[in-house]
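Residue numbers (the numbering used here): 2 to 415.
Glycine included, every Cβ here is placed at the ideal spot set by N, Cα and C.
Heads up, the thing below is written out as structure tokens.
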């Protein structure tokens, strides 16, 4: 099978790619010459870790177990980590099938599930220890990714050839330091991707990602000039990879898959659930809110309280694993609103205010701005397009392209 490279562009929506093709010329060229899906339905909630995990597994959150950036461990909400994924991932299945698998900065993969592995530059953000006096046991899932050092020597060889030997610590300075570390981290992952793909023995399957668009859209707002720049930056990184493959004579013999984990849409108002429900354990997922409850009667009581500010409960818990139904209740903010922490400068007891994140995701099911996209190009991929596809179809397609057997409800699209 030809080598397969999967690139996830965090937060780039179906609408943006369709409306602003001139700002993403490399994606536009890939789509024109290959297979494209205009709208890939998002996961529920349409947030980062569930989206990443569905791309890796081809099943929904009720099966893979990552039903939010935060999950309930019976005592508290905490960040999900790669050890929380309940089913085999494509990297693991590929490795078991004898494939050479590289994972460069793609979140929610265990280090032992790839031949060549480097953690996501943002992995330390997921540590609960940053918020608590002591680390919690679940931090180990992310710490293990950060501690891992490539034992194959292939990344060291890239450094010896003049490429970066690692990524900056994004949390060692102020916000400017963080943002520059983000840009450098995203760029490094795509540089390493290009170097491995153009080397003597390219990986059979490679996963990588670009986070910058999501970060900038949250802070600068949907459709802002800065958000457009961030997506064009991501497109440029893809373009650099394509140019490297072309120079190496590998462009026509490499399959490229580009997708996103969720979309983005404008937000004007923030609701502060810790003020609305000060006696409850809650987790915010964009415009989705999880509340720990004690059965249906308790969930109905919480729903009545939140209804006063236009928050509705999702009647269907199908997105939750069996062992979390009746334990968690899922709520959705009204249109144009999302859930946030109350800023420190806002008086205690205030339940809403202007949104700090001017663009977000994880809206009510069926919200078009959460929709993603899919582009595939490579040997044997004829130019054609589909209007829509399901989330699980992305992993099913990658599995088929890489020759991996995957238990999924999704359908290979090629």
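Nearest residue (CA-CA) to residue i, options the options
i: residue 149; options: 122, 163, 24 and 161; result: 122
i: residue 327; options: 162, 310, 358 and 292; result: 292
i: residue 260; options: 15, 2 and 4; result: 15
i: residue 17; options: 85, 264, 352 and 365; result: 264
i: residue 34; options: 218, 399 and 382; result: 382
Assigned secondary structure, residue i (DSSP; H/G/I helix, E/B strand, else coil)
i: residue 89; result: coil
i: residue 313; result: strand
i: residue 7; result: strand
i: residue 1; result: One cannot answer for residue 1 here, as it falls past the ends of the chain, which runs 2 to 415.
i: residue 364; result: coil
i: residue 262; result: coil
Whether residue i touches residue j by CB criterion (9 Å)
i: residue 278; j: residue 284; result: no
i: residue 220; j: residue 188; result: no
i: residue 214; j: residue 13; result: yes
i: residue 253; j: residue 380; result: yes
i: residue 25; j: residue 408; result: no
i: residue 5; j: residue 396; result: no
i: residue 391; j: residue 42; result: yes
i: residue 342; j: residue 287; result: no
i: residue 262; j: residue 52; result: yes
i: residue 92; j: residue 256; result: no
i: residue 307; j: residue 366; result: no
i: residue 393; j: residue 412; result: yes
i: residue 103; j: residue 197; result: yes
i: residue 164; j: residue 192; result: yes
i: residue 82; j: residue 127; result: yes
i: residue 337; j: residue 269; result: yes
i: residue 282; j: residue 36; result: no
Distance, residue j Cα to residue i Cα
i: residue 401; j: residue 339; result: 37 Å
i: residue 304; j: residue 183; result: 39 Å
i: residue 375; j: residue 208; result: 15 Å
i: residue 119; j: residue 70; result: 21 Å
i: residue 174; j: residue 359; result: 24 Å
i: residue 301; j: residue 309; result: 13 Å
i: residue 101; j: residue 11; result: 25 Å
i: residue 90; j: residue 236; result: 26 Å
i: residue 243; j: residue 386; result: 21 Å
i: residue 370; j: residue 153; result: 41 Å
i: residue 399; j: residue 414; result: 9 Å
First and last residue of the uninterrupted beta strand (DSSP E) at residue i
i: residue 224; result: First-last for residue 224: undefined, no H or E at that position.
i: residue 73; result: 71-73
i: residue 385; result: 385-390
i: residue 334; result: No beta strand (DSSP E) contains residue 334, which DSSP labels as neither H nor E.
Endpoints, alpha helix (DSSP H) assigned at residue i
i: residue 56; result: 49-58
i: residue 274; result: 274-277
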